[in-house]
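Report on the structure given below.
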Amino acid sequence: MSSPSAKRYKGKVRLIFTSPPFPLNRKKAYGNFQGSEYTNWLAGFAPVFEQFLKPDGSIVMEMGNAWEAGKPVMSTLALEALLEFLRRGKLKLAQQFICYNPARLPSPAQWVNVERIRLKDAYTHVWWMSTSDRPYADNRNVLKPYSPSMLKLLETRRYNAGRRPSEHHIGDTSFLKNNNGAIPSNVLTFANTAATDEYQVYCREQDLRPHPSRMHSGLAEFFIKFLTKEGELVMDPFAGSNTTGAVAERLKRRWQ
């Protein structure tokens, strides 16, 4: 990002979507830092990323959980790194998301499988940040199909209106408009089980070692649709297997 060719993209990127190396105790082949070294390393990218964003652009960063070495105790390192990243980049936290992988293997194995004193760690945090209070976004681009009960409601035009114990008041016509889908929550579910996609097939055919921590393409697709328009620029500084670039290309976005 410090190369002369990259400088032409400053102030032009709508979305930086990335998944940096996590602060793992067992290092991956691509390497990863630990402790304060990790915090300083990750936070150092914040002011650099900020320079590339449009005024209402977004940074979305996936971060996994970490555990203290040799202990059944979760580390706060990823959270500390996030807070330092926000401070150094003068960024605002637009929203937190959870990415749940129902097919994830039980881990940490010692505490989950052997001693049976913890539950399997099955999600990652996804942090949406921006320099703006109102970064560009449109949740109409990521609507989910209506549930059978909602489809029935739209057909019968009948439901239980009125005041709820939560003190919310549901109006007589609040749910009668067909908006072509339901607004998703900030808990996203993607089972990372694909073994025959184009990337995996190519790696096998070329006798190449695949990336050990690939991002689910559905996660990239969700945020690219949510936070960008066709033709806009998406950047992934920690590209890995270039999932972000492949999805951006398919969705008719430019990518770097």
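The numbering of the sequence shown is our numbering, which starts it at 1 and goes up by one.
Quick reminder that beta carbons are idealized off the backbone N, C-alpha and C, glycines included.
Since the model is a prediction, treat every value here as computed from it, not as a measurement.
How is the beta strand (DSSP E) around residue i delimited, first residue to last?
i    : result
T173 : Where T173 is concerned, there is no enclosing beta strand (DSSP E), given that its DSSP letter is neither H nor E.
H201 : Contrary to the premise, residue 201 reads as Val rather than His in this sequence. Unbroken run through V201 is the alpha helix (DSSP H), E198 to E205; no beta strand (DSSP E).
E62  : L53 to M63
L233 : L233 to M235
Identify whether residue i lies in helix, strand or coil by the three-state DSSP scheme.
i    : result
K12  : coil
A6   : helix
V73  : coil
K92  : strand
K28  : With a pLDDT of 48 at K28, under the threshold of 50, the predicted position of this residue should be treated as unreliable, though the coordinate-derived value follows. In this structure, K28 counts as coil in the three-state DSSP scheme.
F83  : In the sequence as presented, Phe is not what sits at residue 83; that position holds Leu. The answer is helix: DSSP assigns L83 an H, G or I state.
T156 : helix
F238 : coil
R254 : strand
A78  : helix
F49  : helix
P20  : coil
By the DSSP assignment, the alpha helix (DSSP H) with residue i in it spans what residues?
i    : result
G245 : T243 to R250
T39  : G35 to A43
L188 : Segment V187 to T189 is the beta strand (DSSP E) holding L188; no alpha helix (DSSP H) there.
G218 : S217 to L227
Shortest alpha-carbon distance to residue i belongs to which of the options?
i    : options                   : result
P145 : R163, H169, H168 and N178 : N178
R134 : K54, S217 and G240        : K54
N180 : C99, R140, V73 and L208   : R140
T243 : L82, Y9, D197 and S149    : D197
K259 : Q110, F22 and F45         : Outside the shown range of the chain (1 to 256) lies residue 259, about which nothing can therefore be said.
N186 : L105, L143 and C203       : L143
L227 : M150, P4, G162 and Y136   : Y136
H216 : F22, V247 and S36         : V247
K152 : T131, I170 and F175       : F175
I183 : D138, R204 and D236       : D138
R158 : D172, L208 and R164       : D172
R250 : K225, F85, P237 and P148  : K225
V126 : R118, Q96 and P106        : Q96
L79  : L219, K90 and N65         : N65
A43  : R214, E84 and F223        : E84
T76  : L188, R8, A161 and F22    : F22
L91  : G70, V73 and V60          : V60
Is residue i near the ligand ATP, with its Cβ less than 7 Å from a heavy atom?
i    : result
E221 : This structure does not include the ligand ATP; it has no bound ligands of any sort.
Please report the Cβ distance between residue i and residue j, rounded to the nearest whole angstrom; I am assuming they are in contact, meaning their Cβ atoms lie under 8 Å.
i    : j    : result
K10  : F45  : So it is not a contact: roughly 14 Å between Cβ atoms.
R253 : E221 : Actually they are not in contact, since the Cβ atoms of R253 and E221 sit about 11 Å apart, beyond 8 Å.
F190 : C99  : 6 Å
T39  : A81  : 4 Å
S241 : Y199 : 6 Å
G57  : R14  : 5 Å
L188 : E62  : Not confirmed; about 10 Å, so no contact.
Beta strand (DSSP E) runs wholly inside the region 101 to 147, at least 3 long, in chain order:
Annotation: the region 101 to 147 contains the following complete segments of the beta strand (DSSP E) (minimum length 3 residues), in chain order: 123 to 130.
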